[in-house]
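Per this note's numbering, the sequence shown starts with residue 5, numbered consecutively.
Beta carbons are placed, not taken as given, at the ideal position from N, Cα and C, and that holds for glycine.
Please read these numbers as outputs of a predicted model, since none were measured by experiment.
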Amino acid sequence: MTRPAGESWDVAVIGAGPAGSSAALAAANGGARVLLVDRRERVGEPVQCAEFAPAALLLEAPTGPSIVVQRTTGIVTHLPSGAVERTDAPGVMLDRAAFDRSLAQAAEEAGAELATATSLEGWTGDGRLRLASGGEPFTAWAPVVIGADGPRSTVGQHVGLTNRIFAAAKQVEVLLEEPLEEAHVFFDPLFLGGYGWLFPKGETANLGVGIDAAWIEDLDRALEHLMERAAGLGLVMGRNVLGRTGGVIPVGGPLGTARAGTVLLVGAAAGHTHPVTGAGIHAAVSCGKTAGRAAARYTASGDEADLAQYENEWRARWGDVFRIASRRRTELLRTWNDDLEAAVRRCWVVFPAYDARR
Ligand SMILES: Cc1cc2nc3c(=O)[nH]c(=O)nc-3n(C[C@H](O)[C@H](O)[C@H](O)COP(=O)(O)OP(=O)(O)OC[C@H]3O[C@@H](n4cnc5c(N)ncnc54)[C@H](O)[C@@H]3O)c2cc1C
5 MTRPAGESWD VAVIGAGPAG SSAALAAANG GARVLLVDRR ERVGEPVQCA
55 EFAPAALLLE APTGPSIVVQ RTTGIVTHLP SGAVERTDAP GVMLDRAAFD
105 RSLAQAAEEA GAELATATSL EGWTGDGRLR LASGGEPFTA WAPVVIGADG
155 PRSTVGQHVG LTNRIFAAAK QVEVLLEEPL EEAHVFFDPL FLGGYGWLFP
205 KGETANLGVG IDAAWIEDLD RALEHLMERA AGLGLVMGRN VLGRTGGVIP
255 VGGPLGTARA GTVLLVGAAA GHTHPVTGAG IHAAVSCGKT AGRAAARYTA
305 SGDEADLAQY ENEWRARWGD VFRIASRRRT ELLRTWNDDL EAAVRRCWVV
355 FPAYDARR
């Protein structure tokens, strides 16, 4: 636990996940005095992620053998009928804790002050941040606040910008029968509005399922079913469970705006997660950098137009990706009970019909 030494900063970043650390890094590199806080004792832990990302992530994020656990060559999609489709798509399996740690460390090296075990509790009447470190309350001042505090963002609640639609996910770490080169995904009527995954990392794999949070009471049954299916296909060795995790993912698409005055939201806090796949690491890093750069420009200029640019910039890069994904998710849910096989072929990212329509 490290309580910050100072009392005022140019930019306060709440949350040291991929979005927050990327924002803190970019803001510090842009010359701003940055406070980066996370309520966790150790950045990145416990991991609540399936740790899979497109290989393109490595072009803009830390890399190295301690972070990239395995590369994958493609995605094997298991349809409800049992039919299998293989797609080339280079991917990486991350050690998510090491990945998050290395981003936070880069932000510190650029000059950001990192305070762990420190949570944002709210705001004082005169606009100061109310923080608590190891149970001890204190306040801090920053003209710009970047809310990178995950799906149910405290910062977002403060400015009335909150995610409303979620997927709920549960995952186990299992032993593989033999190492796999491809990531596997599974569609099944039980995985309502979502899918199952088997993402390999050497001798083990992350095996999980995410479904529409409205059906959360079916989640354990869905995971049981997926474990049986993966074992039945000879992919997974018995039913040894090495670890468990889970969490919620915003899948309703980006919030209408990710800015309220001098408050910017980024990553899962802003709904920067793919409504169909649930993936959010790449967008968190990319949008985090964009937010951090905007905050540094504003610090230098005092002109709110510099913060407004953040909204235009992240939308230029990710707007179409999320817009198409939101439509496909809506269609997938609407047609789920009609002909799931056909719905998946229209709405799952690997199939040509996914991109063919706007
Ligand atoms: C089970 C599961 C599997 C997933 N699998 C994948 C995957 O394989 N690939 C992929 O791309 N995406 C995946 N995702 C989504 C991905 O994890 C998120 O999109 C990504 O972590 C978003 O990054 P972030 O920095 O916005 O938020 P987070 O990583 O959630 O970080 C938010 C941080 O804010 C901190 N925080 C929260 N509130 C406060 C507060 N009040 N004060 C201080 N700190 C606070 C938290 O401790 C946390 O460290 C998965 C999600 C889940 C739940």
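Query, Result
"Quick check: Gly21 and Ala288, are their CB atoms within less than 8 Å of each other?", "yes"
"Would a C-beta distance cut-off of 8 Å place Val149 and Val47 closer than the cut-off?", "no"
"Would you check if the distance between the CB atom of Val252 and the CB atom of Ala172 is smaller than 8 Å?", "yes"
"Could you check whether the Cβ of Leu133 sits closer than 7 Å to any heavy atom belonging to ligand 1?", "no"
"Which word fits Asn316, buried or exposed, when buried means at least 16 other C-beta atoms lie within 10 angstroms of its C-beta?", "exposed"
"Between the Cα of Val176 and those of Asn244, Thr303, Asn341, spot the shortest distance and give me the residue it belongs to.", "Asn244"
"Taking Thr166 as the reference, give the member of Gly250, Val213, Ala264 with the closest Cα.", "Ala264"
"Where DSSP assigns a beta bridge to Asn210, which residues make up the other side?", "Glu177, Phe203"
"For Val280, count neighbouring C-beta atoms within 10 Å of its own C-beta (all shown protein chains included) and say buried if the count is 16 or more, exposed if not.", "buried"
"Cβ of Phe56 versus every heavy atom of ligand 1: is any distance shorter than 7 Å?", "yes"
"Where do the N-terminal and C-terminal ends of the alpha helix (DSSP H) with Val255 fall, by residue?", "That residue, Val255, is in no alpha helix (DSSP H); it is neither H nor E in DSSP."
"When the Cβ atoms of the stretch 198–206 are set against those of the stretch 181–189, are three or more pairs found closer than 8 Å?", "yes"
"Taking 6 Å as the limit between beta carbons, can you name the residues of its chain near Ser157, skipping five residues before and five after?", "Gly151, Ala273"
"Quick one: residues in its chain with C-beta nearer than 7 Å to the C-beta of Thr208, no 5 flanking neighbours on either side, listed in chain order?", "Glu177, Val178, Leu179, Leu180, Leu246"
"Go to Ile220, then tell me how far its beta strand (DSSP E) extends in each direction, as first and last residue.", "Segment: none, Ile220 is in no beta strand (DSSP E) and carries neither H nor E."
"Taking the alpha helix (DSSP H) that Glu335 belongs to, which residues open and close that run?", "309–339"
"Helix or strand or just coil, what does DSSP make of Phe190?", "strand"
"Distance, Cα to Cα, His82 vs Tyr358?", "17 Å"
"Closest by CA to Val96, which one among Ala312, Ala283, Gly256, Pro356?", "Ala283"
"Just to check, is the beta-carbon of Ser137 closer than 7 Å to a non-hydrogen atom of ligand 1?", "no"
"Candidates Asp192, Ile169, Trp219: which alpha carbon is nearest Ser364's?", "A question about residue 364 goes unanswered here, because the residues of the chain that appear run from 5 up to 362."
"Report yes or no: do three or more beta-carbon pairs, one from the stretch 230–239 and one from the stretch 129–139, lie closer than 8 Å?", "no"
"Enumerated in chain order, which unbroken segments of the beta strand (DSSP E) with a length of 3 residues or greater are wholly contained in the stretch 16–54?", "38–41"
"For ligand 1, I want to know if Ser123 counts as a neighbour, meaning its beta carbon is within less than 7 Å of at least one of the ligand's heavy atoms.", "yes"
"Output yes if chain B places a C-beta closer than 8 Å to the C-beta of Pro356; else output no.", "The structure shown contains no chain B; it holds only a single protein chain."
"Following the continuous beta strand (DSSP E) through Glu117, name the residue where it begins and the one where it ends.", "117–119"
"Sorted by chain position, which residues of the same chain lie with C-beta nearer than 6 Å to Gly200's C-beta, five sequence neighbours on each side aside?", "Phe190, Val213, Leu230"
"Using alpha carbons as the reference points, say which of Gly19, Val354, Asp324 lies closest to Gly271.", "Gly19"
"Label Val88 either buried or exposed according to how many other C-beta atoms from any shown protein chain fall within 10 Å of its C-beta, with 16 as the threshold for buried.", "exposed"
"One question on the structure: do Ile328 and Gly256 come within less than 8 Å of each other, judged by their Cβ atoms?", "no"
"Is Leu98 buried or exposed, if buried means 16 or more other CB atoms sit within 10 Å of its CB?", "buried"
"For Glu55, count neighbouring C-beta atoms within 10 Å of its own C-beta (all shown protein chains included) and say buried if the count is 16 or more, exposed if not.", "buried"
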